[in-house]
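Participant: So that we are looking at the same thing, I have put the structure below in structure tokens.
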Amino acid sequence: MIPKESRNELALDTFIKAHPELLEEMKELSAEDRQQQILWAFESAADDQGIEAWELALQLIARSPEELEAMRLEVHQEVAEALDMSWEEYCGLNDIAV
Numbered sequence: 001m002i003p004k005e006s007r008n009e010l011a012l013d014t015f016i017k018a019h020p021e022l023l024e025e026m027k028e029l030s031a032e033d034r035q036q037q038i039l040w041a042f043e044s045a046a047d048d049q050g051i052e053a054w055e056l057a058l059q060l061i062a063r064s065p066e067e068l069e070a071m072r073l074e075v076h077q078e079v080a081e082a083l084d085m086s087w088e089e090y091c092g093l094n095d096i097a098v
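All residue numbers for the sequence shown refer to full-length UniProt numbering, where the first residue is 1 and numbers rise by one.
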């Protein structure tokens, strides 16, 4: 599975490779401004699909449906822990079947 610390960067790289026209539109911007515009375009693409940006990131980088599901569950488990909720309670509230 792809290490957590590499996922966002890999997803953004994959996204921009699929949308080279964005780089062409942003060629006059500074590197920092380009990165910000890419992030906004990425978040907008997720919104257009009705999903969160983290979900789009996982979809772009998963090498298989099984890996995608494993990464999704990992994210949800982290959220449950951050909310100090039991996994069972969290799954019940979020319609997650395990």
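Beta carbons are placed, not taken as given, at the ideal position from N, Cα and C, and that holds for glycine.
Please read all numbers here as calculations on a predicted model, not as lab measurements.
Using 8 Å as the threshold, is the stretch 55-64 in touch with the stretch 6-19, meaning 3 or more CB pairs across them?
Facilitator: With the cut-off at 8 Å, the stretch 55-64 and the stretch 6-19 touch.
Participant: Expressed to the nearest angstrom, what Euclidean distance is found between the alpha-carbon atoms of Lys-4 and Glu-67?
Facilitator: Within the sequence shown, residue 4 is the residue found at index 4, counting from 1. Within the sequence shown, residue 67 is the residue found at index 67, counting from 1. When rounded, the distance between both Cα atoms is 13 Å.
Participant: Is DSSP giving Asp-95 helix, strand or coil here?
Facilitator: The residue you call residue 95 lines up with position 95 of the sequence shown. It is coil, neither helix nor strand.
Participant: Can you tell me whether Met-1 is buried or exposed, with buried defined as 16 or more other CB within 10 angstroms of its CB?
Facilitator: One-based indexing of the sequence shown puts residue 1 at position 1. Result: exposed.
Participant: If you count every other CB in all the chains shown that lies within 10 Å of the CB of Ala-97, and 16 or more means buried, which is it?
Facilitator: Within the sequence shown, residue 97 is the residue found at index 97, counting from 1. Exposed is the call here.
Participant: Starting from Glu-43, follow the alpha helix (DSSP H) in both directions and report where the run begins and ends.
Facilitator: As a first step, residue 43 must be located in the sequence shown, where it is residue number 43. Its alpha helix (DSSP H) spans residues 31-49.
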